[in-house]
Amino acid sequence: MEYGLDLEYSFNEFLKGFGLSSEIAHILWLPLPMLLVLVAAVVGVLVTVWLERKISAAAQQRIGPEYAGALGVLQPIADGLKLLVKEDIIPAKADGILFTAGPILVLVPVILSWLIVPFGQNLLISNVGIGIFLWIALSSIQPIGLLMSGYASNNKYSLLGGLRAAAQSISYEIPLALSVLAIVLMTNSLSTVDIVNQQSGTGILSWNIWRQPVGFIVFWICALAECERLPFDLPEAEEELVAGYQTEYAGMKFALFYLGSYINLILSALLVSILYLGGWGFPIPVELIAKFLNLPINAPFIQVFTASIGIVMTVLKAYLLVFIAILLRWTTPRVRIDQLLDLGWKFLLPISLANLLITAGLKLAFPQFFGG
Amino acid sequence: MSIAITTQFICFTVLSLVVIIGALGVVLLESIVYSAFLLGGVFMSVAGLYLLLNASFVAAAQVLVYVGAVNVLIIFAIMLVNKKEDLKPINNIKSRRVISTSICLTLLSLLIRVDLTNVWSLSSPQNSIGEESTIRIGEHLFSDYLLPFEVASVLLLMAMIGAIVLARRDVMSKDISTGLPVDQELIEKSSEPLLTNKN
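From first to last, the protein sequence lines are chains C and E.
Under this note's numbering, the final residue of the first sequence carries the number 472; numbering is consecutive throughout.
Under this note's numbering, the final residue of the second sequence carries the number 217; numbering is consecutive throughout.
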């Protein structure tokens with residue numbers, strides 16, 4: 101499957117035309133995709149915040165933000181600016197160093213995980229071999245940041261919120277990893293690009309959601325729990341814990357938590373679409389359309405068309421999932437802490453283990469359907 | 019020196035400095051919370067060293083197991099029993115320090131000897147497998163390293179059952195450390211005030 105635009109190659113060739121060595125060209129290339137993805141993540145957050153406000157308003161029969169721009173689309177930017185100019189307060193009895201390091205430790209792993217999100221065959225920062233495993237490893241760093249900020253705030257609500265967040269992340273990471281493992285078993289690879297390519301055979305019919313329905317549901321529940329979204333937003337349950345580990349935070353440090361949680365939500369939605377909904381694949385394979393229109397698959401027009409369709413499909417699927425997450429947040433009640441841990445350990449863990457076992461058995465029995 | 023080698027050298031220097039200074043901080047700092055967080059930093063830097071050696075799977079596993087599980091559990095435990103108490107002065111602290119220093123120095127000299135006598139250079143650097151290593155590790159775990167793998171899993175199972183027995187409230191009716199009857203109600207409820215005043 102060596103087709104698709106290779107922007108890096110063309111960029112390097114372009115620079116070499118000016119007489120630069122390939123190393124310098126590579127170094128000049130490196131920041132570009134990183135910046136692009138960072139900007140995409142932040143713009144994604146702005147869109148999600150606006151969606152959240154509008155959808156919650158619709159769910160509660162309100163109008164929602166209206167005056168900042170058409171339909172209030174500039175409201176998230178106004179929010180961001182407000183947080184940017186607010187005073188940065190460190191409580192007198194808080195632990196300054198840990199208090200500052202906590203939000204950074206929460207945000208950095210989430211942004212690093214965007215390394216592996218593919219928007220097309222070559223449209224990702226780096227096709228690392230360990231792919232999806234890198235995301236699982238990075239997302240396990242987050243609880244340290246939460247515990248750190250919970251402890252450093254020197255506030256009992258913060259501490260309890262941090263402890264709850266850590267307990268929740270630890271217990272939901274295991275079913276999450278097990279359901280990813282079932283996908284990896286079918287793909288024979290950890291790379292996200294391989295995972296999408298394995299689903300691209302016959303369009304919508306070959307998506308993993310049909311072969312892994314249980315894994316899909318387990319993954320989605322766990323992803324919501326990892327993002328601390330309602331019904332699993334216990335760490336910041338406002339009726340019990342004020343705002344959990346964020347209680348003492350203000351200004352830009354609070355904004356880092358805010359950004360982190362929304363980037364994490366978009367990232368989880370993107371990963372669900374990559375793992376289970378065919379990633380950048382169009383419901384009808386692009387090869388079929390090209391054949392129907394009698395166009396060669398390597399024609400430049402088709403290449404650009406495939407790449408743009410890929411980006412649109414990935415973002416569309418992700419935002420569909422974000423929409424479901426927002427709708428869930430504004431329509432479901434919060435679970436209790438014991439219900440949360442029961443669901444994680446006594447229901448999702450055995451189910452995902454059984455799912456893994458059955459997938460392995462099916463892979464042995466029907467290698468053409470489950471072997472990837 | 020090419021740019022790649024310079025970058026590698028800078029990364030190696032920074033990571034080793036973080037490992038050494040962080041490890042010293044873990045041992046020497048008074049505050050146990052700082053020690054625990056620094057331990058996480060040390061684990062991360064070791065993962066970075068693995069990454070420099072092209073062992074990306076081992077690096078990710080290091081982050082997942084040591085930072086994501088072991089270190090989080092250590093911090094978790096520290097915060098659940100966050101009691102500020104004055105430690106009792108230990109008898110003949112000086113002789114203890116001398117003994118532990120000599121043991122540590124002996125271990126260090128052993129490591130230095132290994133470092134000096136071993137031949138570190140690979141026969142051919144092109145043989146490094148890189149991305150293939152995930153598959154290779156899996157093959158080894160299920161063939162020639164099967165027995166250690168299984169023994170380790172049995173050990174972990176035993177530890178887990180032990181932890182469950184200790185944690186079950188209907189097995190233990192008394193708190194082990196304080197001897198008070200165990201509160202059978204909410205898990206989150208603490209018998210001690212969680213944060214003591216700093217002043």
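C-beta atoms are modelled at their ideal positions from N, C-alpha and C, and glycine is treated no differently.
Open item on the list: By the three-class DSSP mapping on this structure, what secondary structure does arginine 114 (chain E) have?
Closed with: helix
Task: Neighbouring residues, chain E, relative to glutamate 336 (chain C) (Cβ below 7 Å) - done: Simply none; closest approach about 15 Å.
Task: Inter-residue CB distance, proline 203 (chain C) and phenylalanine 332 (chain C) (contact presumed, cutoff 8 Å) - done: Actually they do not touch by this definition, with Cβ atoms about 21 Å apart.
TODO: Report yes or no: is there a C-beta of chain E within less than 8 Å of the C-beta of serine 240 (chain C)?
DONE: yes
Open item on the list: Can you confirm whether the region 279-299 of chain C touches the region 248-262 of chain C when touching is taken to mean that 3 or more C-beta pairs between the two stretches lie within less than 8 Å?
Closed with: no
Task: Exposure of proline 243 (chain C), with buried meaning 16 or more beta-carbon neighbours within 10 Å - done: buried
Task: DSSP three-state assignment for alanine 350 (chain C), whether helix, strand or coil - done: coil
Task: glycine 144 (chain C) versus C:Phe423, C:Phe470, C:Leu443, residue with shortest Cα-Cα distance - done: C:Phe423
- [ ] In the DSSP assignment, find the unbroken alpha helix (DSSP H) run with isoleucine 124 (chain C) in it and report its ends.
- [x] 122-129
Task: Straight-line Cα distance separating alanine 65 (chain E) from leucine 115 (chain C) - done: 34 Å
TODO: Let me know the secondary structure DSSP gives glutamine 299 (chain C) once reduced to three states.
DONE: coil
Open item on the list: Whole angstroms are fine: how far does the CA of tryptophan 320 (chain C) sit from the CA of phenylalanine 447 (chain C)?
Closed with: 14 Å
- [ ] Would you please verify whether the beta carbon of valine 90 (chain E) is less than 8 Å from any beta carbon of chain C?
- [x] yes
Open item on the list: List, from N- to C-terminal side, the alpha helix (DSSP H) runs of 4 residues or more that fit wholly inside the region 141-217 of chain C.
Closed with: 175-185, 196-212
Task: Against chain E: residues of the region 117-137 of chain C by CB proximity under 7 Å - done: Glu123, Ile127
Open item on the list: At the level of alpha carbons, what is the spacing between isoleucine 130 (chain E) and valine 404 (chain C)?
Closed with: 58 Å
Open item on the list: Counting only C-beta atoms, is valine 228 (chain C) closer than 8 Å to chain E at any point?
Closed with: yes
Open item on the list: Out of E:Ile155, E:Ser118, E:Asn89, which one is the CA nearest neighbour of isoleucine 50 (chain E)?
Closed with: E:Asn89
TODO: Keeping to the same chain, check which residues put their C-beta closer than 7 Å to that of leucine 440 (chain C); ignore five residues upstream and five downstream.
DONE: Gln268, Phe332, Leu334
Task: Limits of the alpha helix (DSSP H) - the one that aspartate 473 (chain C) falls within - done: With chain C covering only 101 through 472, there is no way to say anything about residue 473 (chain C).
TODO: Just the C-alpha distance for valine 76 (chain E) and leucine 290 (chain C), rounded to the nearest angstrom, thanks.
DONE: 14 Å
TODO: Report yes or no: is there a C-beta of chain C within less than 8 Å of the C-beta of glutamate 48 (chain E)?
DONE: no
Task: Proximity test, Cβ basis, 8 Å: leucine 198 (chain C) and chain E - done: yes
TODO: Compute the distance between the beta-carbons of alanine 78 (chain E) and phenylalanine 233 (chain C), then report whether it is under 8 Å.
DONE: yes
- [ ] Taking serine 408 (chain C) as the reference, give the member of C:Thr431, C:Ser253, C:Phe382 with the closest Cα.
- [x] C:Phe382
TODO: Starting from methionine 243 (chain C), find everything on chain E with Cβ-Cβ shorter than 9 Å and list it in chain order.
DONE: Reading off the sequence shown, one finds proline at residue 243 (chain C), where the question assumed methionine. Near proline 243 (chain C) (Cβ distances below 9 Å), the residues of chain E are Gly86, Val90, Ile93, Phe94.
- [ ] Identify the contact partners of alanine 266 (chain C) in chain E, using a Cβ-Cβ distance below 7 Å as the criterion.
- [x] Val90, Phe94
Open item on the list: At the level of alpha carbons, what is the spacing between valine 83 (chain E) and isoleucine 121 (chain E)?
Closed with: 29 Å
Task: Cutoff 8 Å: methionine 248 (chain C) Cβ touching any chain E Cβ - done: yes
Task: Closer than 8 Å to chain C by CB, glycine 219 (chain E) - done: For chain E, the structure presents residues 19 to 217; residue 219 (chain E) sits outside this window and is missing.
- [ ] Consult DSSP for serine 161 (chain E) and reduce its assignment to one of helix, strand or coil.
- [x] coil
Task: Check whether glycine 250 (chain C) and serine 240 (chain C) have beta carbons under 8 Å apart - done: no
- [ ] Would you mind reading off the limits of the alpha helix (DSSP H) that contains arginine 264 (chain C)?
- [x] 256-287
Open item on the list: Judging by CA-CA distance, which residue of C:Leu367, C:Lys186, C:Gly164 is the nearest neighbour of leucine 138 (chain C)?
Closed with: C:Leu367
Open item on the list: Can you confirm whether alanine 177 (chain E), when its beta carbon is compared against all beta carbons of chain C, has any partner nearer than 8 Å?
Closed with: no
- [ ] Please name the residue in E:Val183, E:Ile93, E:Ala73 whose C-alpha comes closest to that of isoleucine 155 (chain E).
- [x] E:Ala73
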